[in-house]
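Inspection log for the structure reproduced underneath, given as structure tokens.
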Amino acid sequence: MINKRILIIQPSPYATGTFEPITQKKLYLPGLAPVLLSALIPSDYKVDIVYETIEKIPFENKYGLILISSMGHTIVRAIDIALKFKKLHLESQVVFGGYMASLMVDECLKHVDTVVVGDGEESLKQLISDYEKGQLKRVYDNPLSDLSDLPAPDYKTLSKKSIGDWMPVFAGRGCPNVCSFCSVYCVYRGRYIRRPVKDVLRDVREIKKLGYSKILLLDDNIMSEPEYMFQLTRELKREKIKWMGQCDIRLSENDELLDAVKESGCVGLSFGIESISQLTLNSLNKSWARVSDYRDQIKKIAMKGICVSTEMVLGGEGDSMESIIRTEEFIRKSYIIAPRFYILTPIPGTDFYKEMKAAGRIICDDIYSYNGSFAVHKPTNIPPDILTREYWKLYDRLFSISAISQRIVKHVGKIDPGALLFFSAVNMVYRSHIKRRITPNIV
Numbered sequence: 014m015i016n017k018r019i020l021i022i023q024p025s026p027y028a029t030g031t032f033e034p035i036t037q038k039k040l041y042l043p044g045l046a047p048v049l050l051s052a053l054i055p056s057d058y059k060v061d062i063v064y065e066t067i068e069k070i071p072f073e074n075k076y077g078l079i080l081i082s083s084m085g086h087t088i089v090r091a092i093d094i095a096l097k098f099k100k101l102h103l104e105s106q107v108v109f110g111g112y113m114a115s116l117m118v119d120e121c122l123k124h125v126d127t128v129v130v131g132d133g134e135e136s137l138k139q140l141i142s143d144y145e146k147g148q149l150k151r152v153y154d155n156p157l158s159d160l161s162d163l164p165a166p167d168y169k170t171l172s173k174k175s176i177g178d179w180m181p182v183f184a185g186r187g188c189p190n191v192c193s194f195c196s197v198y199c200v201y202r203g204r205y206i207r208r209p210v211k212d213v214l215r216d217v218r219e220i221k222k223l224g225y226s227k228i229l230l231l232d233d234n235i236m237s238e239p240e241y242m243f244q245l246t247r248e249l250k251r252e253k254i255k256w257m258g259q260c261d262i263r264l265s266e267n268d269e270l271l272d273a274v275k276e277s278g279c280v281g282l283s284f285g286i287e288s289i290s291q292l293t294l295n296s297l298n299k300s301w302a303r304v305s306d307y308r309d310q311i312k313k314i315a316m317k318g319i320c321v322s323t324e325m326v327l328g329g330e331g332d333s334m335e336s337i338i339r340t341e342e343f344i345r346k347s348y349i350i351a352p353r354f355y356i357l358t359p360i361p362g363t364d365f366y367k368e369m370k371a372a373g374r375i376i377c378d379d380i381y382s383y384n385g386s387f388a389v390h391k392p393t394n395i396p397p398d399i400l401t402r403e404y405w406k407l408y409d410r411l412f413s414i415s416a417i418s419q420r421i422v423k424h425v426g427k428i429d430p431g432a433l434l435f436f437s438a439v440n441m442v443y444r445s446h447i448k449r450r451i452t453p454n455i456v
């Protein structure tokens, strides 16, 4: 008789230099994968969901299937979780999914029973059927071309956990851009798949029934199809909700769409601007972005009352000690309320990793130590150890109390007071992580 207990885990990354997963009392921006997967599992199974950042993993329980979805360097913690379960309960079948598992299939298969590559919806149906027959495959790879008619995620279960005011709702996957360092590109290879607007709205209404009115709109680049974004924002406006998301900085160039985004309830957007060096952008296949336009683009979006969060990398082809100083000046002078940085890291499975490996520029072969907080390749213009040192010094300066205060004050009267309060809290959470030398990536 098969064990019809399933555990779904979103692991928490290890704190830098430790084997202790990062924990918090509350998770303000919870991931969607666990509750979406849960909704796809037949009703005769008992499903437990664990967000490790706020919950303990029940290693003592015996599960038939253990599904672990990880991003970035949480893959290290995911492997340790898998190994512990296999040691305690040899009969449990451990399955990995998520971007890192998709990029490192062969490596992951050294530690788990099965890897799901890319989209998990169709694969999960087949996987459970095979599990019941005792014929679980090593790899499932069923890319989707249609995201219609997916069930609503298990928001009710999520609402009972220690989370904030924001519920995740997804609109699309993939991105048409071809940035060589990006795990999204290296999994989807320029494909962008969008959900029908009616399905997105159904999920929005589901969370409204639970008393939530703020959503984190998940989409790797919703600007990929401006007409779709127009249609979705028009409908979101009618729902009278507030939302945050991420997209292409070129949103600023479409005045009509930018207005529609603001009027739909958008209070914050994250942009991967990567670098203030055009040479760095060009070397990463991101020449469509123009550094010379960044400041005006960011200001235009911020002046609409939308908080701007950014992600940047240090250690590209055009980076030097001077460019790090200019990066700090750029952040201080721009209307960026929540800046985030990573040391440019050749993630295994990406095109950038292959380039650096072929050039003999990888200086750390321990891929499980890659976490974006120290240099693992040789940059062109700055020694790796100095880059790592200056990375943390930059973070220390930009997340001093005075620097945070200056960012917040600059936005007073321009953005929604609730959003300002939220991003003030985000800055303080990031400051706390930085003081412990944890790269900010959990809120």
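Be aware that the sequence shown starts at 14, since it is given in this note's numbering, and climbs by one per residue.
For every residue, glycine included, the Cβ atom is placed at its ideal position computed from N, Cα and C.
All values reported here derive from a predicted model rather than from experimental measurement.
### Leu160 - DSSP class collapsed to helix/strand/coil
As a working mapping, residue 160 is identified with position 147 in the sequence shown. Coil, per DSSP.
### Message
For Met373 and Phe387, what's the separation of their Cα atoms in angstroms?
### Response
The residue labelled residue 373 in the question sits at position 360 within the sequence shown. The residue labelled residue 387 in the question sits at position 374 within the sequence shown. Note that residue 373 is Gly in the sequence shown here, rather than Met. For Gly373 and Phe387, the distance between alpha carbons rounds to 18 Å.
### Query
With 8 Å set as the bound, which would you pick, yes or no: does the beta-carbon of Thr36 sit closer than that to a beta-carbon of chain D?
Of the protein chains in the structure, only one exists, and it is not chain D.
### Message
So the candidates are Ala184, Ile338 and Asp332; which of them puts its Cα closest to the Cα of Tyr205?
### Response
Here residue 205 corresponds to residue number 192 of the sequence shown, with the count starting at 1. Nearest C-alpha to Tyr205: Ala184.
### Message
Report the CB separation of Ile262 from Phe284 in whole angstroms; it is logged as a contact under 8 Å.
### Response
Taking the first residue of the sequence shown as position 1, residue 262 is located at position 249. Taking the first residue of the sequence shown as position 1, residue 284 is located at position 271. The Cβ separation is near 5 Å, so the contact holds.
### Query
Helix or strand or just coil, what does DSSP make of Leu223?
Translated into the one-based positions of the sequence shown, residue 223 becomes position 210. Coil at Leu223, not helix or strand.
#### Entry: Residue closest to Ser333, alpha-carbon to alpha-carbon, out of Asp268, Ser322, Glu68 and Leu400
Working through the sequence shown from its first residue, we reach residue 333 at position 320. Considering only alpha carbons, the answer is Leu400.
### Query
Is it the case that the Cβ atoms of Val89 and Phe109 are separated by a distance below 8 Å?
For the purposes of this step, residue 89 is taken as residue 76 along the sequence shown, with counting starting at 1. For the purposes of this step, residue 109 is taken as residue 96 along the sequence shown, with counting starting at 1. No, the pair does not count as a contact, with Cβ atoms beyond the cut-off.
### Query
From Arg345, Asn295 and Ser296, pick the residue whose C-alpha is nearest to that of Ile311; which is it?
Translated into the one-based positions of the sequence shown, residue 311 becomes position 298. Of the candidates Arg345, Asn295 and Ser296, the one whose C-alpha sits nearest the C-alpha of Ile311 is Arg345.
### Task
Tell me whether the beta-carbon of Pro189 lies closer than 8 Å to the beta-carbon of Ser265.
Taking the sequence shown and counting its residues from 1, one reaches residue 189 at position 176. Taking the sequence shown and counting its residues from 1, one reaches residue 265 at position 252. No. Outside cutoff.
### Message
Do Lys227 and Trp256 count as a contact pair if the criterion is CB distance below 8 Å?
### Response
In the sequence shown, residue 256 corresponds to position 243, counting from 1. In the sequence shown, residue 227 corresponds to position 214, counting from 1. Cβ atoms of Trp256 and Lys227: closer than 8 Å.
### Query
Taking the alpha carbon of Leu271 as the point to measure from, which residue in Ile235, Gln291, Ile350 and Thr293 has its own alpha carbon closest?
Here residue 271 corresponds to residue number 258 of the sequence shown, with the count starting at 1. Residue Ile235 is the option with its Cα nearest to Leu271.
### Query
Which residues in the same chain as His446 place their Cβ atom closer than 6 Å to its Cβ, once the five residues preceding and following it in sequence are excluded?
Against the sequence shown, residue 446 aligns to sequence position 433. Closer than 6 Å at the Cβ level, and outside the excluded window around His446, lie Pro453.
### For Arg339, the nearest candidate out of Leu407, Pro55 and Pro430 (CA to CA)
Numbered from its first residue, the sequence shown carries residue 339 at position 326. In this structure, Leu407 is the residue among Leu407, Pro55 and Pro430 with its C-alpha nearest to the C-alpha of Arg339.
### Task
Would you mind listing the beta strand (DSSP E) stretches within the segment 66-100 that are 3+ residues and don't spill past its ends, in chain order?
78-82
### Task
Excluding the 5 residues preceding and the 5 following Lys250 in the sequence, name in chain order all residues of the same chain whose CB lies nearer than 7 Å to its CB.
Translated into the one-based positions of the sequence shown, residue 250 becomes position 237. The residues are Glu276, Ser277 and Gly278.
### Query
In terms of residues, what are the limits of the beta strand (DSSP E) holding Cys320?
For this step, residue 320 is matched to residue 307 along the sequence shown. Here the beta strand (DSSP E) through Cys320 covers Cys320 to Leu327.
### Query
Lys255 lies in the beta strand (DSSP E); which residues open and close that run?
Position 242 of the sequence shown, counted from the first residue, corresponds to residue 255. Looking at the DSSP string, the run of the beta strand (DSSP E) that includes Lys255 is Lys255 to Gln259.
### Message
Does the segment 409-423 come into contact with the segment 376-384, if we say contact requires no fewer than three beta-carbon pairs (one atom in each stretch) closer than 8 Å?
### Response
no
### Query
For Ala432, which residues of its own chain have a beta-carbon under 7 Å away from its beta-carbon, when the five flanking residues on both sides are left out?
Locating residue 432 in the sequence shown gives position 419, where the first residue counts as 1. Excluding sequence neighbours, Ala432 sits near Val280, Gly281 and Cys320.
### Task
Measure how close the beta-carbons of Cys260 and Asp364 come, nearest whole angstrom, since I'm counting them as under 8 Å.
Residue mapping note: residue 260 aligns to position 247 of the sequence shown, counting from 1. Residue mapping note: residue 364 aligns to position 351 of the sequence shown, counting from 1. Not really, about 22 Å apart at Cβ, beyond 8 Å.
### Task
Flag this pair as yes or no: are the beta carbons of Trp179 and Leu229 separated by less than 8 Å?
Position 166 of the sequence shown holds residue 179. Position 216 of the sequence shown holds residue 229. Cβ atoms of Trp179 and Leu229: closer than 8 Å.
### Query
Which whole-angstrom value describes the C-beta separation of Leu9 and Val326, a residue pair presumed to lie in contact below a C-beta threshold of 8 Å?
This structure gives no information on residue 9, because the portion of the chain shown stretches from 14 to 456.
### Query
First and last residue of the beta strand (DSSP E) that includes Met180?
Here residue 180 refers to the residue found at position 167 of the sequence shown. Trp179 to Phe183 is the extent of the beta strand (DSSP E) around Met180.
#### Entry: Beta-carbon contacts of Pro34 that lie in its chain and below 8 Å, excluding the five residues immediately before and after
Residue numbering aside, residue 34 sits at position 21 when the sequence shown is read from its first letter. Here the set comprises Pro24, Ser25, Pro26, Tyr27, Ala28, Glu65, Thr66 and Arg90.
### Message
With H, G and I counted as helix, E and B as strand and the rest as coil, what does DSSP make of Ile349?
### Response
Residue numbering aside, residue 349 sits at position 336 when the sequence shown is read from its first letter. Under the three-state reduction of DSSP, Ile349 is assigned to coil, being neither helix nor strand.
### Task
Determine the contact status of Glu248 and Val210, defining contact as a CB-CB distance below 8 Å.
Taking the first residue of the sequence shown as 1, we reach residue 248 at position 235. Taking the first residue of the sequence shown as 1, we reach residue 210 at position 197. Yes, the Cβ-Cβ distance between Glu248 and Val210 is below 8 Å.
### Query
According to the Cβ coordinates, are Ile176 and Lys39 closer than 8 Å?
Stepping through the sequence shown from its first residue, residue 176 is reached at position 163. Stepping through the sequence shown from its first residue, residue 39 is reached at position 26. Contact: yes.
### Query
Do Asp132 and Leu149 have their CB atoms nearer than 8 Å?
The sequence position of residue 132 within the sequence shown is 119, counting from 1. The sequence position of residue 149 within the sequence shown is 136, counting from 1. No, the pair does not count as a contact, with Cβ atoms beyond the cut-off.
### Task
Grab me the residues of Ser290's own chain with a C-beta within less than 8 Å of its C-beta, minus the 5 sequence neighbours each way, in chain order.
Here residue 290 corresponds to residue number 277 of the sequence shown, with the count starting at 1. The answer, listed in chain order, is Val304, Gly329, Glu330, Gly331, Asp332 and Ser336.
### Task
Could you please give me the residues that DSSP links to Tyr205 through a beta bridge?
The residue you call residue 205 lines up with position 192 of the sequence shown. Partner(s): Gly187.
#### Entry: Whole-angstrom distance between Gly362 and Tyr201, CA atom to CA atom
As a first step, residue 201 is located in the sequence shown; it is residue number 188 there, counting from the start. As a first step, residue 362 is located in the sequence shown; it is residue number 349 there, counting from the start. Cα to Cα, Tyr201 sits roughly 12 Å from Gly362.
### Message
Let me make sure I understand the geometry here. Which of Asn267, Arg353, Tyr225 and Leu231 has the alpha-carbon closest to that of Ile286?
### Response
Locating residue 286 in the sequence shown gives position 273, where the first residue counts as 1. When only C-alpha atoms are compared, the closest one is Arg353.
### Task
Could you tell me if Arg410 is buried or exposed, where buried requires 16 or more neighbouring beta carbons within 10 angstroms of its beta carbon?
Looking up residue 410 in the sequence shown gives position 397. Result: exposed.
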